[in-house]
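Here the structure comes first, spelled out in structure tokens, and everything after it is commentary.
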Amino acid sequence: MKEVEVRLTVNGRERSARCEPRTTLADFLRGHLGLTGTHLGCEHGVCGACTVLLDGATARSCLMLAVQGQGHEVTTIEGLGTPENPHPLMRAFSEMHGLQCGFCTPGFILSAHEYLRENPRPDRQAMRKDLSGNICRCTGYVKIFAAVERAAELMAEPEAARS
Amino acid sequence: MKPAPFEYHAPTDLGEAVRLLAALGEHGRLLAGGQSLMPMLNLRLARPEAIVDLNRITALAYHRLDDETLVIGALCRQREIERDQEVLARCAAIADAIPLIGHIGIRNRGTVVGSLAHADPSAEWPVLAVLLDATLEVEGVAGRRSIAAQDFFKGLFATDLRPGELVVEARFPLPPAGAGSAFIEVARRHGDFALGAAAAVVELAADGSVTAARLALGGFDSVPVRATPDPAAAAADVHPVDDVHAPAGYRRKLAETLARRALHLAEQRARKAGR
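Protein chains in written order, with the working numbering: chain A, 94 to 256; chain B, 56 to 330.
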């Protein structure tokens, strides 16, 4: 099958690789760019594990072709922070035990990122609805919601107090 | 769990898309938001020889209020409508329905017109289209035509579209000022496909009596139906069948209950608007 050249911005860097048109964005990120932080669960849009930010808005990367990302900006979990310099959401998930096996965590953090951007002061009831597109089979969600609330606190602190 | 190979086309204008679709006939599938077609490709429930991607035709990414009509282009994402406070204020049924569609990440990508063209019997937009007497503007090599929503849905995932045609715009006439509307559904989990849905519009006279009422039911038949706007009679207009999720008797009862609640809520809202 004919391959196509896909160029897009991933985590602030220009990236390109060749792939078949049928390659999903999720497989492209993992297999072609080596960004395995994006996890693939159900591969049909139900579980939310593969959530990334496409031009700043959450999207399931299993429900997009890589070639559709051409010219767009993608943010994956790797773009949000690193173990040395974690994003407040990453710190909060660790602090509040918002994860157990960790499989759903990258998707959850990116969905929570979008949620907190639009709701800097989270509301537990609204959060339950707005984060319902991500499924976790370990935690029972309570500690995930607590982590998102904690992240909101961390993000409200001035930059200097955080580090 | 990976799509079968296909040829990929990404036209940048509508004319090119129409020519491609006409040439491909039944071998081509149109890709818009991808929230229904991509799962089908991944699961290989669909194996088209070619994909025609609409996403580069940015001229179709619009919506606007033309007086009393909400006009939605083929590439308008559901989330765009969800963020338009004026539209939500003008039609409570639309405001009720959108948060019930999948999840935010799905609505960020999924298009309104794509949902209509996919014609899932449990989907929300087809019910709204039938309730509000929407029309679909369709383009093909033979030219443009308009189809009333009630004539557009032909069966399970089946529409009046002919090979090579695509829906370029949907037009939803909004309820008149002072009318009340509502959309209610029952799903097993938030964001799941609904077991059933009801949507209603109620208009009142100055003395508070009901002058007009409309009711649409979704998820009970293979297409959304306009039902008698009377809770006692509405369930007779649908023909639910048993399946793994619920028996037909339950669904009939559900149609009656949802019809009553939707009509009641629409009427309450009309009374509130009239005060």
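Note that beta-carbon positions come from the ideal geometry of N, C-alpha and C, so glycine has one too.
Among the options, nearest to residue i - alpha-carbon criterion
i, options, result
"residue 168 of chain A", "A:177, A:119, A:196, A:184", "A:119"
"residue 325 of chain B", "B:177, B:78, B:264, B:98", "B:264"
"residue 227 of chain A", "B:178, B:158, B:183, B:115", "B:158"
"residue 229 of chain B", "B:68, B:170, B:184", "B:184"
"residue 133 of chain A", "A:112, A:219, A:196", "A:196"
"residue 69 of chain B", "B:94, B:194, B:62", "B:194"
"residue 102 of chain A", "A:160, A:95, A:115", "A:160"
"residue 176 of chain B", "B:252, B:133, B:110", "B:252"
"residue 246 of chain A", "A:99, A:233, A:216", "A:216"
"residue 156 of chain B", "B:84, B:240, B:197", "B:240"
"residue 170 of chain B", "B:104, B:85, B:76", "B:85"
"residue 111 of chain B", "B:79, B:121, B:296, B:71", "B:71"
"residue 221 of chain B", "B:210, B:233, B:201", "B:201"
"residue 152 of chain A", "B:313, B:103, B:89, B:138", "B:89"
"residue 81 of chain B", "B:139, B:207, B:216", "B:216"
"residue 196 of chain B", "B:323, B:319, B:79", "B:79"
"residue 211 of chain B", "B:233, B:243, B:116, B:172", "B:172"
Whether residue i touches residue j by CB criterion (8 Å)
i, j, result
"residue 208 of chain A", "residue 224 of chain A", "yes"
"residue 186 of chain B", "residue 148 of chain B", "yes"
"residue 107 of chain B", "residue 58 of chain B", "no"
"residue 154 of chain A", "residue 140 of chain A", "no"
"residue 219 of chain A", "residue 212 of chain A", "yes"
"residue 116 of chain A", "residue 122 of chain A", "no"
"residue 223 of chain B", "residue 192 of chain B", "yes"
"residue 307 of chain B", "residue 286 of chain B", "no"
"residue 182 of chain B", "residue 254 of chain B", "yes"
"residue 64 of chain B", "residue 105 of chain B", "yes"
"residue 173 of chain A", "residue 165 of chain A", "no"
"residue 203 of chain A", "residue 170 of chain A", "yes"
"residue 235 of chain B", "residue 288 of chain B", "no"
"residue 275 of chain B", "residue 225 of chain B", "no"
"residue 222 of chain A", "residue 154 of chain B", "yes"
"residue 178 of chain B", "residue 208 of chain B", "no"
Pairwise C-alpha distance: residue j and residue i
i, j, result
"residue 277 of chain B", "residue 188 of chain A", "49 Å"
"residue 259 of chain B", "residue 136 of chain B", "27 Å"
"residue 189 of chain B", "residue 300 of chain B", "30 Å"
"residue 330 of chain B", "residue 123 of chain B", "22 Å"
"residue 95 of chain A", "residue 138 of chain A", "26 Å"
"residue 185 of chain A", "residue 129 of chain B", "40 Å"
"residue 291 of chain B", "residue 136 of chain A", "39 Å"
"residue 163 of chain B", "residue 150 of chain A", "7 Å"
"residue 145 of chain A", "residue 56 of chain B", "19 Å"
"residue 256 of chain B", "residue 238 of chain B", "9 Å"
"residue 328 of chain B", "residue 261 of chain B", "12 Å"
"residue 161 of chain B", "residue 93 of chain B", "12 Å"
"residue 91 of chain B", "residue 98 of chain B", "11 Å"
"residue 272 of chain B", "residue 105 of chain A", "47 Å"
"residue 241 of chain A", "residue 62 of chain B", "42 Å"
"residue 201 of chain A", "residue 194 of chain A", "13 Å"
"residue 101 of chain B", "residue 180 of chain B", "22 Å"
"residue 60 of chain B", "residue 158 of chain A", "12 Å"
"residue 73 of chain B", "residue 219 of chain B", "7 Å"
"residue 317 of chain B", "residue 248 of chain B", "18 Å"
"residue 198 of chain B", "residue 129 of chain A", "47 Å"
"residue 251 of chain A", "residue 231 of chain A", "33 Å"
"residue 119 of chain B", "residue 199 of chain A", "36 Å"
Secondary structure of residue i, DSSP reduced to three states
i, result
"residue 95 of chain A", "coil"
"residue 57 of chain B", "coil"
"residue 208 of chain A", "helix"
"residue 168 of chain B", "helix"
"residue 328 of chain B", "helix"
"residue 319 of chain B", "helix"
"residue 155 of chain A", "helix"
"residue 145 of chain A", "strand"
"residue 134 of chain B", "helix"
"residue 118 of chain B", "strand"
"residue 162 of chain B", "helix"
"residue 228 of chain B", "strand"
"residue 153 of chain B", "helix"
"residue 86 of chain B", "strand"
"residue 206 of chain B", "helix"
"residue 104 of chain B", "coil"
"residue 243 of chain B", "coil"
"residue 127 of chain A", "coil"
"residue 248 of chain B", "coil"
"residue 182 of chain B", "helix"
"residue 312 of chain B", "helix"
"residue 168 of chain A", "strand"
Contacts that residue i makes with chain C (C-beta to C-beta distance below 9 Å)
i, result
"residue 136 of chain A", "Included in the structure are the protein chains A and B, with no chain C among them."
| message | At 3 residues or longer, what runs of the beta strand (DSSP E) sit wholly inside the region 176-254 of chain A? | response | For the region 176-254 of chain A, not a single whole beta strand (DSSP E) run of length 3 or above is found.
| query | Where are the alpha helix (DSSP H) runs, 4 residues long or more, that stay fully inside the region 274-307 of chain B, in chain order? | reply | 286-289
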